[in-house]
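Residue numbers (our numbering), protein chains in the order written: chain A, 1 to 77; chain B, 78 to 650; chain C, 651 to 1141.
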Amino acid sequence: MNKGRGAAVAVIAAATVSLDLLAHPHGEMWWHHAPGFDLVFGFVGCAVIVVVSKAFGKAGLQRPERFYDDAEKDSTE
Amino acid sequence: MTIHPAMVLFVTAGAVALGPRATRSAVMVLGAVGALVAAATLSHGAHWSYAVGEGSLQLLRVDALSHLVGLVFTLIAAIGAVYSWHATHRGEHAAILVYAGGALGVVYAGDWISAFAWWELMAWASVFVVWSGSTPRAGAAGFRYLFVHLVGGALFLVGLAAHLAGGGSLVFGPFGAPGGWAYTLILLAVAINAAIPPFHAWLADAYPEASIPGMVFLSAFTTKTAVYVLIRVFAGNDLLIWAGIIMALYGVVYAVLENDIRRLLGYHIISQVGYMVTAVGIGTPLALAGASAHAFCHILYKALLLMGAGSVIEVTGRRKLTELGGIARQMPWVVLLYMVGAFSISGVPLFNGFISKSIIITAAGDDGRGLAELLLTLASIGTFLHTGLKLPYFMFFGPDRGLSVGPLPRNMIVAMGVAAACCIGLGVAPGWLYARLATPIDYHPYTLDHVAGSLQLLGGTALAFWWLLGKLRGEATESLDTDWLYRRSMPTLLRAAAETAARTGRLAQTASRSAVRLATAYAANPLAHVGQLPAAGPDGAGPPAYDENRYRLPIGVTVLWVVLALWLTALLV
Amino acid sequence: MSEHLPILIVLCPLVGALVVPLVARVSLRASRALTVVATLSSLACALAALRMVLDGDDWHYHLGGWAPPWGIEYVVDPLGGGMAVVVALLAALVAIYAGPHLRVYTALRGAAFDSLFLLLTSGLLGITLTGDLFNLYVFLEISSLAAYALLASGGERAVVATFRYLLVGTIAATFYLLGLGYLYALTGTLNMADLAIRLATVPPGSAMTVGVVLIVVGLAVKMAVFPLHGWMPDAYTYAPPPVTMFIAAVMSKVSAYALIRVLFFVLPAGDAVDTARAVLSWVAVAGVLAGSILALAQTDVRRMLAYSSIGQMGYVVLGLSIGNAAALTGALLHVVGHAVAKGCLFGAIGSMPRQTVQAEIAGFAGAARRAPLTMAAFTVAALSLVGMPPTAGFFSKWYLLSGALDADVWVFAAVLMVSSLLSAVYFFRVLEQVYFTESPSPPDPGQASGMPPLSWRVVVPVLTLGAAVLLIGLFNGALVTSVIQPALPEF
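So, in structure tokens, the structure goes:
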């Protein structure tokens, strides 16, 4: 299964990068012209988002469920 | 005579509230469709104008922007009406219709006063929509929502009064000179409704507590009306660029930590609205066109996503990722239609997100804002991660927990189908939308460059998702957001204020009692008999409920105050 | 006949008050009908008089043909005429509303109630129409005494509450009389217009100061201005529903009207009035905030509304004290709007059958299902007090806000906003119970105290008032230009 998956990944990557080489990029920044940039950016960006968010969560944003319910009263009293 | 689409909805709301149960849903759908027809057939111009003082109230000003937004509002109202066919609570239906009508009112308003009046109507009607969840959590969340929106309304009102008092124009449009109190106050008020951090916590707090159809409507109107006001009035404000980018990433970060599926989608509303806010901040014609196009498309695919999530909740009774999974085979249509929405929001070519989001990103690039462009793309990655990969995987696929799936009302599928058709239709033929934008743009999304870039981005994200699958499981936690500030402090503050007011009264009473005791030489002291304060405080657990008999001032104290007031005033006057 | 309209407005209920007990010996139904007829005819006369005045000049009617300043003069101008219409309208609606409530009374007691009610109405109408300050005192006392008797009819706690009100109210009326005495000593006249002319020529001195202070404090107590409000929450809470509906709606507004008359039409502009207004402004701010905060702490809805009234009257006093055209417009519009809205609120509450004597907020659970129309009217009136467009309350708040900003007093604007927020919280608390909480098992009719909810006599007045709140809001432009703006003093 994993080999199949790996093969599929390779095929998709190759196909999209080759499309990139065919295309006429427009845009001023360097990354507009680099082939395969978006693939790498997608992968790295996703990983960064997950890692950073989890770090925030562990740093204190995440609390057990019903965190507010113990101390919460009707806000109007 | 031109018909105001909002009036159609109000009349429908009245018919729904007073009419028999059997026809309620049909009347609602009929009314919403009628409003859609009314909105589609409006001709440009200022209708329904009333002269007032030196200015005029314009209740129905139709130009390209308001026509477009009015169209999508009425469309989603109609789709949502079909989706909520099975709901039975008439108050919910009526509140939804009044809410939608208020939003339309703001969109078509040509003057500030009308805009404000409809804005307030929208606010309190939406409170009732939140309460339609009918749970204690919905009640509490509704109050917090109410408070936040009333603060926003008050800021708007004061800003508006200051604007008019300072000689500003009554016409609902850009300020003559940006900056100043009126500008800032109104911008703050709009920022609250647009859910710009740090004023955004109400959205993820209150929206998921509404009923299942309720949240579909809530997602469409409040934030997009705020975006509409931003486009009309605050275009080009640089602050908005960074506010929008922060929003876009903020929503994505919180979504990683979220376990409740509708709350997760709520954070994504914040994220997507961030795109629109950034576009408004950039302010070029392309960017503004992108903002309105994105708003149009977002309403459709967000509703589709929420309808899908709502269907899952409806049939399984569960709303948390940690409790869902393995139900794909039992609800194939929902999965399919949900994925249409997911692909749309992620910007997959041939779906409507692709044709709108890319305008904004390109506009950022064209304006020389490279960092903005990159960050928005990053947010896009996060969006696909959550709505396109994580949510469907853990909701539908993933480990089978043996959930039993109840029957799904047919109308929900029909509504989702219509929305999905719109998403695909716009994605395949974007020219229809581009032709109706406020400023005509020369933009072609289907270039090889764009398509290849999008596919790569999505592919890369998918790869990372498979790699990090284990880390992305939902955890049974809640995240703290800026609402922590007022959820912890507000109850204590209010109680303290009431106790202080009463305690001050008691202090006055003690002081005056001593004063009277001094003067007791010539009169019997009736206060000792009339004094009604018990000596000891209440014992027992919990804070004491306000007991009027504890804090009653003897009337003699009031008499004393009358005399004191007399002397004080005489001294001053 | 029509040349005697001003006096007829006051006479109809007065004569009715005397005749009703006699008719009741014959037939209770006839006496009830007579009460309603008396108030309705007073309303008709008031409307006719107002219409005539709006088209032309103010109407000066000399009682008994005696010319002022010796004779007593009744003046119908847009302000007074408008107030008279409001009072008469509410009187008529409450007269209808009280019908089911009085069924449990014996004939004698029912007749006494009606008679006192008509006396109260005539007293209040007299205050709005009179052009003579001493005549105002007479009517003030008539209305107060009738009010005491009516308020005390609600049971044991009501008796104690009314006694407290009696003490303070009598002191207040006496202060007013004393102040009037000083002004009389200075000028030798009691007629308002004459006083205005003569006071302008009197050099400011301690006599005038004391007179002003006494009158202002006296009327402030009647208006339940903070901190002189101690009598009000109890009086409103324990009284019978129709009584609270009328008194809460109208009495403090009429006292406010009297204060406006004295401050802006009688007393000369000068240091005394200016300082009085400055003091009133800070008092008003405290009242607005204190009223809203204390209302939040209540569990009994009637008490909550009483404290809310204290806050709302604070708005009126705030408008008075700012004193420019916009603020005064807001204050006057608020007087009308609040009268109608409070009447609607107390009427709706009074119509709910209750398990216990207290009207707990929790007792309203599911009320929307039991009484949808009255609760809809309640909602509209509540939104008016919060200040949501398009109800009357929004427009009066808008004018007050404009006035505050014109006068550059941003503090007042902030206070207005904060109190709106607080009002929203305590009203929406009730609304949540009404619409989104399921009611427990239906209350046992045998134990219910209060009104049977479905009688048309109860529903129609409440609905009328609710509709009036909306109509006043939607047509406030017409109201302001045709009635309120001509009523404003020259600036």
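Glycine included, each C-beta is placed from N, C-alpha and C at the ideal position.
The structure displayed is predicted, hence computed values, not measured ones.
Subject >> Whole-angstrom distance between C:S1073 and B:G257, CA atom to CA atom >> reply: Counting from 1 along the second sequence, the entry for residue 257 of chain B is found at position 180. Counting from 1 along the third sequence, the entry for residue 1073 of chain C is found at position 423. Going from the Cα of B:G257 to the Cα of C:S1073 covers about 29 Å.
Subject >> Nearest-angstrom Cβ-Cβ length linking C:T839 and C:V852, presumed shorter than 8 Å >> reply: Residue 839 of chain C sits at position 189 when you count from the first residue of the third sequence. Residue 852 of chain C sits at position 202 when you count from the first residue of the third sequence. Contact between C:T839 and C:V852 fails: their C-beta atoms lie close to 12 Å from each other, not under 8 Å.
Original post:
Within the 7 Å Cβ cut-off, does C:S959 reach chain B?
Top reply: Here residue 959 of chain C refers to the residue found at position 309 of the third sequence. No, because no Cβ of chain B sits closer than 7 Å to the Cβ of C:S959.
Subject >> Ranges of the alpha helix (DSSP H) found wholly within the stretch 1014-1073 of chain C, counting only runs of at least 4 >> reply: The stretch 1014-1073 of chain C contains these whole alpha helix (DSSP H) runs: 1017-1020, 1022-1036, 1042-1056.
**OP:** Please go through the same chain and pick out, in chain order, the residues whose beta-carbon is closer than 7 Å to the beta-carbon of B:F431, but skip the five residues on each side of it.
**Re:** For the purposes of this step, residue 431 of chain B is identified with residue 354 of the second sequence, where counting begins at 1. Answer for B:F431: G424, V425, G504, P522, S531, listed in chain order.
Subject >> Cβ-based neighbour list, B:H277, same chain, cut-off 6 Å, excluding 5 preceding and 5 following >> reply: Counting from one through the second sequence, the residue named residue 277 of chain B turns up at place 200. If the five residues before and after B:H277 are omitted, its C-beta is found closer than 6 Å to the C-beta atoms of I347, all from its own chain and listed in chain order.
Subject >> Given 8 Å, three or more beta-carbon pairs between the stretch 1024-1035 of chain C and the stretch 175-194 of chain B >> reply: Contact check between the stretch 1024-1035 of chain C and the stretch 175-194 of chain B: fewer than three CB pairs, one atom from each, fall below 8 Å, which does not count as touching.
Original post:
Taking C-beta to C-beta, are B:G367 and B:A419 nearer than 7 Å?
Top reply: To locate residue 367 of chain B, count along the second sequence from 1; it is residue 290. To locate residue 419 of chain B, count along the second sequence from 1; it is residue 342. Cβ distance not < 7 Å, so B:G367 and B:A419 don't count as in contact.
**OP:** Would you please verify whether the beta carbon of B:V425 is less than 7 Å from any beta carbon of chain A?
**Re:** The sequence position of residue 425 of chain B within the second sequence is 348, counting from 1. No, B:V425 lies away from the interface with chain A (no Cβ there is under 7 Å from its Cβ).
Subject >> Close-in-space but distant-in-sequence residues of the same chain around B:Q407 (CB under 6 Å, 5 per side omitted) >> reply: Counted from its first residue, the second sequence places residue 407 of chain B at position 330. So the qualifying residues of the chain are V482.
**OP:** Using a Cβ-Cβ cut-off of less than 9 Å, list which residues of the stretch 213-233 of chain B approach chain C; keep chain order.
**Re:** Going along the stretch 213-233 of chain B in chain order, one finds A215, G216, G219, F220, L223, F224, L227, V228, G230, A231, L232 with a Cβ nearer than 9 Å to chain C.
Original post:
Hey, which unbroken runs of the beta strand (DSSP E) at 3 residues or more fall wholly within the stretch 438-477 of chain B?
Top reply: Those beta strand (DSSP E) runs which fall completely within the stretch 438-477 of chain B and span 3+ residues do not exist here.
Original post:
Any idea if B:W544 is buried or exposed, counting beta-carbon neighbours within 10 angstroms, 16 or more meaning buried?
Top reply: For this step, residue 544 of chain B is matched to residue 467 along the second sequence. So B:W544 counts as exposed.
Subject >> the stretch 948-959 of chain C in contact with the stretch 926-937 of chain C per 3-pair CB rule at 8 Å >> reply: No, the stretch 948-959 of chain C is not in contact with the stretch 926-937 of chain C.
Original post:
Is the stretch 680-690 of chain C in contact with the stretch 755-773 of chain C, if contact means three or more CB pairs nearer than 8 Å?
Top reply: Below 8 Å, enough C-beta pairs join the stretch 680-690 of chain C and the stretch 755-773 of chain C to call them touching: three or more.
Original post:
Which chain B residues sit within Cβ distance under 8 Å of C:E1082?
Top reply: Within the third sequence, numbered from 1, the residue matching residue 1082 of chain C stands at position 432. Taking a Cβ-Cβ threshold of 8 Å, the residues of chain B close to C:E1082 are W208, G216, G219, F220, in chain order.
Original post:
Of the choices B:V528, B:T151, B:W644, whose alpha-carbon is the least far from that of B:F294?
Top reply: Here residue 294 of chain B refers to the residue found at position 217 of the second sequence. The alpha carbon of B:F294 has as its nearest neighbour, out of B:V528, B:T151, B:W644, the alpha carbon of B:T151.
Original post:
Which residues in the same chain as B:H606 place their Cβ atom closer than 8 Å to its Cβ, once the five residues preceding and following it in sequence are excluded?
Top reply: For the purposes of this step, residue 606 of chain B is taken as the residue at position 529 of the second sequence. Because the pLDDT of B:H606 is 42, which lies under 50, any placement of that residue in the model is unreliable, and the question is left without a value.
Original post:
Of the choices C:V893, C:A945, C:S765, C:G997, whose alpha-carbon is the least far from that of C:K961?
Top reply: Sequence index remark: in the third sequence, residue 961 of chain C carries index 311 (1-based). It should be pointed out that residue 961 of chain C corresponds to Gly in this sequence rather than to Lys. That would be C:A945, whose Cα lies nearest to the Cα of C:G961.
Subject >> Delimiting residues of the beta strand (DSSP E) encompassing C:W709 >> reply: Looking up residue 709 of chain C in the third sequence gives position 59. In this chain, the beta strand (DSSP E) harbouring C:W709 covers 709-712.
**OP:** Please classify C:H654: is it buried, with 16 or more other beta-carbons within 10 angstroms of its beta-carbon, or exposed?
**Re:** Reading the third sequence from its first residue, position 4 is the one you call residue 654 of chain C. It counts as exposed.
Original post:
To which residues of the same chain is C:A976 closer than 7 Å at the C-beta, ignoring the five residues directly before and after it?
Top reply: Locating residue 976 of chain C in the third sequence gives position 326, counting from the first residue. Cβ neighbours of C:A976 within its own chain (closer than 7 Å, five residues either side excluded): Y1049, S1052, G1053, D1056.
**OP:** Could you work out which residues of chain B lie near A:V50, taking near to mean beta carbons separated by less than 7 Å?
**Re:** Within the first sequence, residue 50 of chain A is the residue found at index 50, counting from 1. Simply V333, L545, K548, L549.
**OP:** Please compile the residues from chain B whose C-beta is within a distance smaller than 8 Å of the C-beta of A:V11.
**Re:** Position 11 of the first sequence, counted from the first residue, corresponds to residue 11 of chain A. The contacting residues do not exist; A:V11 stays about 10 Å from chain B at best.
Original post:
Near C:F789, which residues of its chain fall below 7 Å by C-beta distance, leaving aside the five closest residues on each side in sequence?
Top reply: Working through the third sequence from its first residue, we reach residue 789 of chain C at position 139. So the qualifying residues of the chain are G773, G776, I777, T780.
Subject >> Member of B:A578, B:A272, B:D443 whose CA lies at the smallest distance from the CA of C:G941 >> reply: Within the third sequence, the letter at position 291 stands for residue 941 of chain C. The residue among B:A578, B:A272, B:D443 with its C-alpha nearest the C-alpha of C:G941 is B:A578.
Subject >> Within chain A, partners of B:F542 - CB distance below 8 Å >> reply: Taking the second sequence and counting its residues from 1, the one referred to as residue 542 of chain B is at position 465. Under a criterion of Cβ atoms nearer than 8 Å, the residues of chain A adjacent to B:F542 are, in order, C46.
**OP:** Measure the alpha-carbon distance for C:L678 versus C:Y888 and round it to whole angstroms.
**Re:** Position 28 of the third sequence, counted from the start, is the residue given in the question as residue 678 of chain C. Position 238 of the third sequence, counted from the start, is the residue given in the question as residue 888 of chain C. Cα to Cα, C:L678 sits roughly 26 Å from C:Y888.
**OP:** Could you tell me whether the Cβ atoms of C:L968 and C:S1046 are closer together than 7 Å?
**Re:** Taking the third sequence and counting its residues from 1, one reaches residue 968 of chain C at position 318. Taking the third sequence and counting its residues from 1, one reaches residue 1046 of chain C at position 396. Between C:L968 and C:S1046, the C-beta gap is not smaller than 7 Å, which leaves the two residues out of contact.
**OP:** Verify whether the separation of the beta carbon atoms of C:G890 and C:S803 is less than 7 Å.
**Re:** Here residue 890 of chain C is taken as the residue at index 240 of the third sequence, counted from 1. Here residue 803 of chain C is taken as the residue at index 153 of the third sequence, counted from 1. Note on identity: in this sequence residue 890 of chain C is Pro, with Gly being the wrong assignment. C:P890 places its beta carbon less than 7 Å from that of C:S803.
Original post:
What is the DSSP secondary structure of C:W716, counted as helix, strand or coil?
Top reply: Along the third sequence, read from residue 1 onward, the residue named residue 716 of chain C stands at position 66. Look at C:W716 here: in three-state DSSP terms it is coil, with no helix or strand label.
**OP:** Check whether the Cβ atoms of C:G997 and C:M1067 sit closer than 7 Å, and answer yes or no.
**Re:** The residue you call residue 997 of chain C lines up with position 347 of the third sequence. The residue you call residue 1067 of chain C lines up with position 417 of the third sequence. For C:G997 and C:M1067, no; Cβs fall outside 7 Å.
Original post:
Just checking my contact of B:S209 with B:H166 at CB under 8 Å: how many whole Å lie between their CB atoms?
Top reply: Working through the second sequence from its first residue, we reach residue 209 of chain B at position 132. Working through the second sequence from its first residue, we reach residue 166 of chain B at position 89. Contact holds; Cβ gap of about 6 Å.
**OP:** Measure from the C-beta of C:T1006 to each C-beta in chain B and report whether the shortest distance is under 7 Å.
**Re:** Counting from 1 along the third sequence, the entry for residue 1006 of chain C is found at position 356. Legend: pLDDT at C:T1006 = 49, less than 50; position of this residue unreliable, no value from coordinates given.
Original post:
Helix, strand or coil for B:A272 per DSSP?
Top reply: Counting from 1 along the second sequence, the entry for residue 272 of chain B is found at position 195. If DSSP states are grouped into helix, strand and coil, B:A272 belongs with coil.
Original post:
Within 7 Å (strictly less), CB to CB, does B:V183 reach chain C?
Top reply: The count along the second sequence starts at 1 and reaches residue 183 of chain B at position 106. When Cβ-Cβ separations below 7 Å define contact, B:V183 makes no contact with chain C.
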